[in-house]
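Remember, our numbering sits 9 above the position in the sequence shown when you count from 1. C-beta atoms are modelled at their ideal positions from N, C-alpha and C, and glycine is treated no differently. Inspection log for the structure reproduced underneath, given as structure tokens.
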Amino acid sequence: MYYVTCEESFDAAHFLSNYNGKCHNIHGHRWKIIASVKGDLDCGMVVDFSILKAYLKQLCDYFDHTFIVEKNSLKKELLTELKKEFVIREVDFRTTAENFSKYFFDKINEQFNCHYIEVYETPKNCARYSCE
């Protein structure tokens, strides 16, 4: 089995609702996503790096320079007002690195045979999701 890995990043803000800690406040990260896919060789490669990289970049660009909000974590009126001024990305999960790793795994796995995803919130802290 062969493995191919690439990375991409995006800058975005988030917060953790109903959390007793500093992450309860709105704050930002440079989220780094490392995607590893696996497979046998086809024409000497698992996948063309440019194809994997472009797909990962497309996924990351969706979140770049946005405010990522877990659905139903803000009052409806506040969310409505924020959407008038800012790009808000609502997601169906708590906006932790762990949940983002599963999110990106599922998205990558739609197009490729995903081995694992790592999501870094900071240069020293990451979460990994794999089906293995």
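Quick one, are the C-beta atoms of residue i and residue j less than 7 Å apart?
i	j	result
Met10	Lys66	no
Asp73	Phe19	yes
Ala106	Glu141	no
Cys123	Phe109	no
Gln120	Tyr64	yes
Leu61	Cys32	no
Name, in chain order, the residues that DSSP records as bridge partners for residue i.
i	result
Ile51	Correcting the residue identity first, residue 51 is Asp in this sequence and not Ile. Met54.
Arg98	Ile77
Ser139	Answer by DSSP bridge pairing: none, since Ser139 is not bridged.
Cys123	Val46
Gly30	The partner list for Gly30 (beta bridge, DSSP) is empty, contrary to what the question assumes.
Lys41	Ser18 and Tyr129
So, under 8 Å CB-CB, residue i and residue j are touching, yes? Tell me the CB distance rounded to an integer number of Å.
i	j	result
Ser26	Tyr125	Going by Cβ atoms, the distance from Ser26 to Tyr125 rounds to 28 Å, so no, they are not a contact pair.
Ile43	Glu127	4 Å
Since residue i is in the alpha helix (DSSP H), which residue starts that stretch and which ends it?
i	result
Ser110	Ala106 to Gln120
Glu17	That residue, Glu17, is in no alpha helix (DSSP H); its beta strand (DSSP E) goes Tyr11 to His23.
Could you tell me the distance, in whole angstroms, from the CA atom of residue i to the CA atom of residue j?
i	j	result
Glu79	Thr104	6 Å
Ala76	Glu99	First, the residue type needs correcting, since residue 76 is Phe and not Ala in the sequence shown. Approximately 8 Å between the Cα atoms of the pair.
Pro132	Arg39	9 Å
Phe58	Lys41	17 Å
Glu86	Tyr28	21 Å
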